[in-house]
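Peer 1: If you're matching positions, the sequence shown starts at 584 in our numbering and goes up one per residue.
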Amino acid sequence: MIRKAELHVHLEGTATPLLVRQMAEKNGAELDPTTFASDGEYRWSDFWDFLKCYDKAASAIRSRSDYQLVTYDYLRRASEEGCIYVETFSSPDHAASVGISYEDHLLGIADGIDQARDEFGIEGRIIVTCVRHLGPESALNVAQQVLDTPHPYVVGFGMGGDEAQFHPKDFAPAFNLVAESGLPTTNHAGEFGGPDSIRATLDYLPVSRLGHGVRSIEDNDLVAHLAKIKIPLELCPGSNVSTGLYASVSEHPFNQLKNAGCIVTLSSDDPPFFHTSIGKEYDQTAAVFGYTDEDMKNITRNSIQAAFCEDSLKEKLLKLV
Ligand code: ADE
Ligand code: ZN
Numbered sequence: 584m585i586r587k588a589e590l591h592v593h594l595e596g597t598a599t600p601l602l603v604r605q606m607a608e609k610n611g612a613e614l615d616p617t618t619f620a621s622d623g624e625y626r627w628s629d630f631w632d633f634l635k636c637y638d639k640a641a642s643a644i645r646s647r648s649d650y651q652l653v654t655y656d657y658l659r660r661a662s663e664e665g666c667i668y669v670e671t672f673s674s675p676d677h678a679a680s681v682g683i684s685y686e687d688h689l690l691g692i693a694d695g696i697d698q699a700r701d702e703f704g705i706e707g708r709i710i711v712t713c714v715r716h717l718g719p720e721s722a723l724n725v726a727q728q729v730l731d732t733p734h735p736y737v738v739g740f741g742m743g744g745d746e747a748q749f750h751p752k753d754f755a756p757a758f759n760l761v762a763e764s765g766l767p768t769t770n771h772a773g774e775f776g777g778p779d780s781i782r783a784t785l786d787y788l789p790v791s792r793l794g795h796g797v798r799s800i801e802d803n804d805l806v807a808h809l810a811k812i813k814i815p816l817e818l819c820p821g822s823n824v825s826t827g828l829y830a831s832v833s834e835h836p837f838n839q840l841k842n843a844g845c846i847v848t849l850s851s852d853d854p855p856f857f858h859t860s861i862g863k864e865y866d867q868t869a870a871v872f873g874y875t876d877e878d879m880k881n882i883t884r885n886s887i888q889a890a891f892c893e894d895s896l897k898e899k900l901l902k903l904v
């Protein structure tokens with residue numbers, strides 16, 4: 584099996600509908616019935632409705648041990664598909680919305696990483712994220728928590744949420760605070776925003792990677808620039824197809840961006856919401872674009888080289904590929 588590495592996956596977004604229902608039942612948490620369709624899968628209609636569905640599902644996670652379980656369960660599934668490294672986005676704002684402290688949410692995820700490493704050998708790290716549509720003040724608050732509670736598994740800072748809200752420069756205080764402490768950052772840009780959203784991110788935020796960045800394809804000069812500055816793109820074709828950005832993986836610009844010299848990596852984003860997995864992403868991408876095993880290994884190598892973890896771990900992972 585091809586060894587895989589994943590840089591862009593939202594932790595709450597990895598929880599399967601079954602796991603969410605089990606946690607809700609255990610916690611006596613009432614889930615909004617509109618969370619699920621009649622077949623038991625997540626129900627949402629467009630990107631903005633997906634964000635709401637995500638919040639509803641995430642509300643079932645109620646304790647440090649729930650965070651451990653969600654993390655462990657995802658790393659187990661990823662490992663079964665040949666994944667050796669996952670950098671997952673944590674969201675202290677989601678934890679706080681159900682009364683979980685920053686520390687408990689973080690330690691629960693770290694417990695899950697430790698348990699999965701012990702049982703399956705997979706390695707994990709955490710990128711703490713803020714939620715763009717909650718605004719710059721919430722983002723700064725999350726950034727401050729990252730600094731106040733350092734943890735060896737927290738290797739970066741990022742931002743997800745609705746790209747149409749606010750401007751990247753509004754989040755410069757949060758991103759700069761973290762970056763000045765030495766942690767690298769990434770931002771969702773060029774998913775639902777166009778090339779201008781990517782340019783604004785590069786202009787105002789100290790990012791070392793781009794979350795998606797896929798809509799750079801609409802601007803040839805921007806693609807050339809991204810290739811020149813070698814900023815890795817966290818591409819998630821299945822996610823983009825599922826949310827309606829492209830009609831099919833064959834219409835996804837993954838291959839065009841790769842051929843243009845961009846550093847491409849491959850991730851699943853929110854796998855059960857998008858009916859995908861890291862294994863499926865690798866299989867589909869290889870099949871649709873005719874990539875060889877060596878091509879796919881090079882994508883894994885790109886991800887490991889672009890990872891925010893320590894160099895000694897990267898060397899160990901690269902040997903496994
Ligand atoms: N939060 C969870 N998944 C996301 C996505 N694909 N884009 C933006 N924010 C998200
Ligand atoms: Zn994402």
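Glycine included, every Cβ here is placed at the ideal spot set by N, Cα and C.
For G596, tell me which candidate among A870, D853, V871, R884 has the shortest Cα-Cα distance.
Peer 2: D853
Peer 1: What is the DSSP secondary structure of K587, counted as helix, strand or coil?
Peer 2: Strand, per DSSP.
Peer 1: Starting from the Cα of I683, find the closest Cα among S764, Q651, I696, R660 and give me that residue.
Peer 2: Q651
Peer 1: By DSSP, does R626 sit in helix, in strand, or in coil?
Peer 2: Three-state result, R626: coil.
Peer 1: Any residues whose CB sits closer than 6 Å to a heavy atom of the ligand ZN? List them in chain order?
Peer 2: H591, H593, G743, H771, G794, D852
Peer 1: Taking DSSP as the reference, what is the three-state secondary structure of I709?
Peer 2: strand
Peer 1: Hey, could you find the ends of the alpha helix (DSSP H) V653 is sitting in?
Peer 2: Run containing V653: 647-663, per the alpha helix (DSSP H) assignment.
Peer 1: Within the continuous beta strand (DSSP E) that includes T732, where are the two ends?
Peer 2: It is not in any beta strand (DSSP E) - T732 carries neither H nor E in the DSSP assignment.
Peer 1: Give, in chain order, every unbroken run of the alpha helix (DSSP H) that is at least 4 residues long and sits entirely within the segment 734-765.
Peer 2: 755-763
Peer 1: In the DSSP output, which residue or residues are listed as bridge partners for V790?
Peer 2: T768
Peer 1: Could you check what DSSP says for S831 in three-state terms: helix, strand or coil?
Peer 2: coil
Peer 1: For G707, is the beta carbon positioned less than 6 Å from some heavy atom of the ligand ADE?
Peer 2: no
Peer 1: I need the straight-line Cα distance from N610 to R659, nearest angstrom please.
Peer 2: 23 Å
Peer 1: Which partner residues of Y668 appear in the DSSP bridge assignment?
Peer 2: A588, E706
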